[in-house]
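**Student:** After the structure tokens below, expect a handful of questions from me.
There are 2 protein chains.
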Amino acid sequence: MSVGIRHDDLRKRNRAMVISAVRRAGQVSRTDIAATTGLSHSTISAISADLIAEGILAEAKGAEASTARRGRPQVAIGLNPEAATVVAVVLLFNLLSVAVVDFSGRVIAEERKKLSTFDLSEEELIGECIAMVRRQTARPAAAGRTVLRVVLAVQGTTDATSRKMLWSPITTHEGIDFGGRLEKAFGVPVTVENDCNMIAVALRWHDPDRYRDDFIAILLSHGIGMGLVLKGELFTGTHSSGGEFGHMVHRPDGALCRCGRRGCVEAYAGNYAIWRSASGASEDEAPVSDISADDMASLAALARDHDGPEREAYQKAGEALGYGLGSLFALIDPAPVAMVGIGARAFDLIEPALRSAIAMTAGGQHSKAISFATYADELPLITLGCSMRALTFIDAEVLAAGDPAASRGRDVA
Amino acid sequence: MSVGIRHDDLRKRNRAMVISAVRRAGQVSRTDIAATTGLSHSTISAISADLIAEGILAEAKGAEASTARRGRPQVAIGLNPEAATVVAVVLLFNLLSVAVVDFSGRVIAEERKKLSTFDLSEEELIGECIAMVRRQTARPAAAGRTVLRVVLAVQGTTDATSRKMLWSPITTHEGIDFGGRLEKAFGVPVTVENDCNMIAVALRWHDPDRYRDDFIAILLSHGIGMGLVLKGELFTGTHSSGGEFGHMVHRPDGALCRCGRRGCVEAYAGNYAIWRSASGASEDEAPVSDISADDMASLAALARDHDGPEREAYQKAGEALGYGLGSLFALIDPAPVAMVGIGARAFDLIEPALRSAIAMTAGGQHSKAISFATYADELPLITLGCSMRALTFIDAEVLAAGDPAASRGRDVA
DNA sequence: GCTCTTTTTTTCGAGCCTCGAAAAATATGT
DNA sequence: ACATATTTTTCGAGGCTCGAAAAAAAGAGC
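See the structure below:
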């Protein structure tokens, strides 16, 4: 059962609330914080004085005299960028990316590199990650900073404790303990997250007006992934990493999916499925392992140019996505959808069939109210999501505790 | 954003925690409460003294000398049955039921009655509910008790604030404001809940070992409903009452559903669908409005007796449920399933096809781990769910506040 | 039957925390 | 300059939880 509230938890929670209010607003006055948190001015004053003394927050000296009003002017408080540093690692198919991020969320060092994930051994995959993190944290811009946390995003499923990558399409190896290995290498907490979940986290920070309490991020790529936020919280399974939207059943006993089963949404809407369908191959044909962005772009161009098998393939994809979303919206309330990744570049080809399919479902009752936005590039979003995940964790767990020892990270370089 | 914790919230929350610990355990000692809540003995002592003084809890005088151990014996604390009274109203197709329940959850007055819901006007439906509640709260057993809350369960969808019944298969009237009307009549808070959600709530209290943090209740009746508990909380939509499992899409453009669309799970697994299929009618044929329990029993008997269209109809139902659950389990982690209602009596006919269908899906990876239990009768569960919903609300909101005025209910008779 | 041991429950003072009111600080308007 | 307006800090009061110690209430041993 949920545990009682100890007296000392009180301060910790309220400190966390203040930090979170500042992170969300960027620059806020104490008065504003008091208003959003519902705490009294005196409490906010005391807490923010502590946080400033500890170097977590800082008063803005830049004093951009906002609206010249009467009375004592508000003093803007912001995050102290040097309070902590985190690292976002993104490991995708044939691509590794690392970003070192300061406490305010600014990227201070970054690298990305192509590699053949499928040909690398488990040790090599781990080694590449560790090496790139060391390389970037050692750069002058990041020198002297101590990293407090590392978040690694991967395609595929992770375990409930966010320590292992259970399965991923980028490699044949299973159950790689990235969390444990990276923690051992760096001496700071490391979590492994699903790429689509990080996209969802990122969207909230990227566009809080549109992506507030309930929304859906769908990654249209070689496979189909989903990140779901419900009631303001990332929706993940209790045991695994969460919603395998791509493997909901579109047509029982239908097209062959990469997962070996039949009729999954992905088996109609994944890049390989669109390619297979456009090339006139049988739905029983085994999926190809990869299709370049250029090839997909050419395919989309053909589909836009004339009515033919290419256009039909995109329509089938739209239909599968529409029925899938319809079934999803039978379970949850309709919400804004973000289409992310290469497939989103061809969303114009997908949308009509998607909309008419969703209109045929119970979930699509208000299908006109469901709005779609597209984001062609997933990597920046995944990186942003990892950074914010790491930072908000530090906000809540490390800095809110107010234990100076805990905020002393390690020099991971 | 979530609001800060005021100092006076502390006591309220911890009081709520103590009450909830006692409700769950039935009879517990202060030491046990301290252990489960994590609060200190002194705090528990102070809080329980208050609660006993306020007549919310009571020391068990019965003193069934548990295990004769050394040391001062534990004093068992339990709920004081007379601390509050609530009413559970269940309005189903052609059936109305009312139960008056004391603070410990015991039913002290009960009535159920057949009526033709489809033929009644909106006013008559509301009137029947009010009349039966008045009748039962006026009975000697419940006399003198003051009711603190009423919870009404209905089939169909409710609004986000649990005040209105938006749509229900039991009547043609839409948007009936049961919440408002009953509150006006009785002068105490009234909420309107979905029947399947109440079944889910009930199962947690009925068998906490099996139905703990994650499980699914599926109502197999004329239609198909679902109640879902994830991470210990009832899963409901932000706007409507929640998971319309029965209207997930099983076969795009498939059999005609009661909702007017095509291919829903319900259009294969609802009573009317099984009946239609068994009678050899076309999938395009409009669903009949009701089938008696006896007729369904005869149908099941025929199906058990020999291989024919009846048996095949149940197989189709199993297949639809299996693929539906497979898609659901793609989104959430596999969890125990409770099959409730008339359809559960024929689960032996449904299960084989259900299991082979679910095994074809991604969600069914560990299909052997998914266990099914059946409950032939839904009404007792719905009533229990309503009672517990009302009582736990009172625990958390009314009694935890410690405001004597708030705990003075109204005599609704 | 008396004392010792063990376990539960209560009591009591210390230490925090938040709050409201008042004071201090720091602007603008006139 | 002085009045006004607004933000921020200060300060004492009241409450809450905690740990330690005391009190209560049994069984165990002789």
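So the protein lines, in turn, are chains A and B.
Going by the working numbering, the first sequence opens with residue 1, and the numbers climb by one from there.
Going by the working numbering, the second sequence opens with residue 1001, and the numbers climb by one from there.
We treat Cβ as the ideally placed atom computed from N, Cα and C, and that holds for glycine.
All of these numbers come straight from a predicted model, not from anything done at the bench.
#1: With a threshold of 7 Å on Cβ separation, who are the neighbours of A/Tyr-323 within its own chain once the five nearest residues in sequence on each side are excluded?
#2: Establish whether the CB of B/His-1247 and some CB of chain A are separated by less than 8 Å.
#3: Closer than 7 Å by beta-carbon distance: list the chain A residues that pair up with B/Asn-1014, in chain order.
#4: Taking the alpha carbon of B/Asp-1177 as the point to measure from, which residue in B/Thr-1157, B/Ala-1255, B/Cys-1196 has its own alpha carbon closest?
#5: Quick check: the stretch 338 to 346 of chain A against the stretch 159 to 176 of chain A, are there 3 or more CB pairs under 8 Å?
#6: So, with DSSP's three-state summary, where would you put A/Met-198?
#7: Check whether the stretch 1196 to 1204 of chain B and the stretch 1383 to 1394 of chain B touch, using three or more Cβ-Cβ pairs below 8 Å as the test.
#8: Whole angstroms are fine: how far does the CA of A/Lys-316 sit from the CA of A/Ser-221?
#9: With a 10 Å radius around its C-beta and 16 neighbouring C-beta atoms as the bar for buried, classify A/Lys-164 as buried or exposed.
#10: When you check each C-beta in the stretch 25 to 51 of chain A against every C-beta of chain B, which residues fall closer than 7 Å?
#11: Run the CB neighbour count on A/His-7, radius 10 Å, all protein chains shown included, and call it buried at 16 or more, exposed below.
#12: Can the beta-carbon of A/Gly-326 be found closer than 8 Å to that of A/Gly-363?
#13: May I ask you to list, following chain order, the residues of the stretch 1329 to 1343 of chain B that have a beta carbon less than 7 Å from some beta carbon of chain A?
#14: Please classify A/Thr-191 as buried or exposed, where buried requires at least 16 neighbouring CB atoms within 10 angstroms.
#15: For B/Arg-1149 and B/Val-1090, I'd like the C-alpha separation in whole angstroms.
#16: On a Cα-Cα basis, can you pick out the residue from B/Thr-1031, B/Gln-1027, B/Gly-1105 that is closest to B/Thr-1383?
#17: Considering A/Thr-236, what are the terminal residues of the alpha helix (DSSP H) in which it resides?
#18: Near B/Glu-1122, what residues of its chain come up, given a Cβ to Cβ distance below 6 Å and the 5 sequence neighbours on each side ignored?
#19: Along chain A, in chain order, which residues have C-beta atoms closer than 7 Å to that of B/Met-1165?
#20: With a threshold of 8 Å between beta-carbons, can A/Ala-376 be considered close to chain B, or not?
#21: For A/Asp-207, tell me which candidate among A/Asp-195, A/Val-87, A/Thr-374, A/Thr-392 has the shortest Cα-Cα distance.
#22: Considering only the beta carbon of each residue, do A/Glu-244 and B/Leu-1331 sit closer than 8 Å?
#23: May I ask you to verify whether the stretch 20 to 27 of chain A touches the stretch 1025 to 1043 of chain B, counting CB pairs closer than 8 Å and requiring at least 3?
#24: What in chain B is Cβ-close to A/Leu-10, meaning under 7 Å?
#25: Any idea which residues DSSP pairs B/Val-1101 with across the strands?
#26: Output, in sequence order along the chain, the residues in the stretch 149 to 163 of chain A whose CB is closer than 7 Å to any CB in chain B.
#27: Determine which residues of the stretch 1164 to 1186 of chain B have a Cβ less than 9 Å from any Cβ of chain A, and write them out in chain order.
#28: In angstroms, rounded to a whole number, what distance separates the CA positions of B/Ala-1068 and B/Ala-1396?
#29: If the criterion is Cβ atoms closer than 8 Å, does the pair A/Asn-197 and A/Leu-234 meet it?
#30: Do you know how far the Cα of B/Ser-1371 is from the Cα of A/Asp-290?
#31: Can you pull the chain B residues whose beta carbon is under 8 Å from the beta carbon of A/Arg-251, in chain order?
#32: Quick check on DSSP: helix, strand or coil for A/Leu-115?
#33: With a Cβ-Cβ cutoff of 8 Å, do A/Phe-118 and A/Ile-170 count as a contact?
**Tutor:** So, from the data block:
#1: Excluding its 5 nearest sequence neighbours in each direction, A/Tyr-323 has C-beta neighbours in its own chain below 7 Å: His-250, Ala-357, Thr-361, listed in chain order.
#2: Interface residue (Cβ-Cβ distance to chain A less than 8 Å): B/His-1247 is classified as such.
#3: Chain A residues near B/Asn-1014: Gly-4, Ile-5.
#4: Of the candidates B/Thr-1157, B/Ala-1255, B/Cys-1196, the one whose C-alpha sits nearest the C-alpha of B/Asp-1177 is B/Thr-1157.
#5: The stretch 338 to 346 of chain A vs the stretch 159 to 176 of chain A: no contact.
#6: Helix, per DSSP.
#7: Short answer: they touch.
#8: Whole-angstrom Cα-Cα distance: 16 Å.
#9: Its Cβ being crowded by 16 or more others within 10 Å, A/Lys-164 is buried.
#10: Listed in sequence order: Thr-36, Thr-37, Gly-38, Leu-39.
#11: Per the 10 Å Cβ criterion, exposed.
#12: For the pair A/Gly-326 and A/Gly-363, the CB atoms are nearer than the 8 Å cut-off.
#13: Under the 7 Å Cβ criterion, the stretch 1329 to 1343 of chain B contributes Ala-1330, Leu-1331, Ile-1332, Asp-1333.
#14: When all chains shown are included, A/Thr-191 counts as buried.
#15: Between B/Arg-1149 and B/Val-1090, the C-alpha separation is close to 14 Å.
#16: The option with the nearest alpha carbon to B/Thr-1383 is B/Gly-1105.
#17: Note, A/Thr-236: premise wrong, no alpha helix (DSSP H); not H, not E.
#18: Excluding positions up to five away in sequence, the list reads His-1173, Ile-1176.
#19: Residues of chain A whose Cβ lies closer than 7 Å to the Cβ of B/Met-1165 do not exist; the shortest such Cβ separation is about 17 Å.
#20: The beta carbon of A/Ala-376 does not come within 8 Å of any beta carbon belonging to chain B, so the residue lies off that interface.
#21: Of the listed residues, the one whose Cα sits closest to A/Asp-207 is A/Thr-374.
#22: The answer is yes: Cβ separation under 8 Å.
#23: Flag = no, the stretch 20 to 27 of chain A and the stretch 1025 to 1043 of chain B do not touch.
#24: Residues of chain B passing the Cβ test: Ile-1005, Leu-1010.
#25: The partner list for B/Val-1101 (beta bridge, DSSP) reads B/Val-1086, B/Val-1107.
#26: For chain B, none of the residues of the stretch 149 to 163 of chain A brings a beta carbon within less than 7 Å of one of its beta carbons.
#27: Of all residues in the stretch 1164 to 1186 of chain B, none has a C-beta nearer than 9 Å to a C-beta of chain A.
#28: Rounded to whole angstroms, the gap between the alpha carbons of B/Ala-1068 and B/Ala-1396 is 35 Å.
#29: Contact flag set, yes.
#30: A/Asp-290 and B/Ser-1371: Cα-Cα distance of roughly 38 Å.
#31: Per Cβ cutoff of 8 Å: Arg-1251, Pro-1252.
#32: In this structure, DSSP gives A/Leu-115 a state outside helix and strand, which the three-state scheme calls coil.
#33: Cβ atoms of A/Phe-118 and A/Ile-170: closer than 8 Å.
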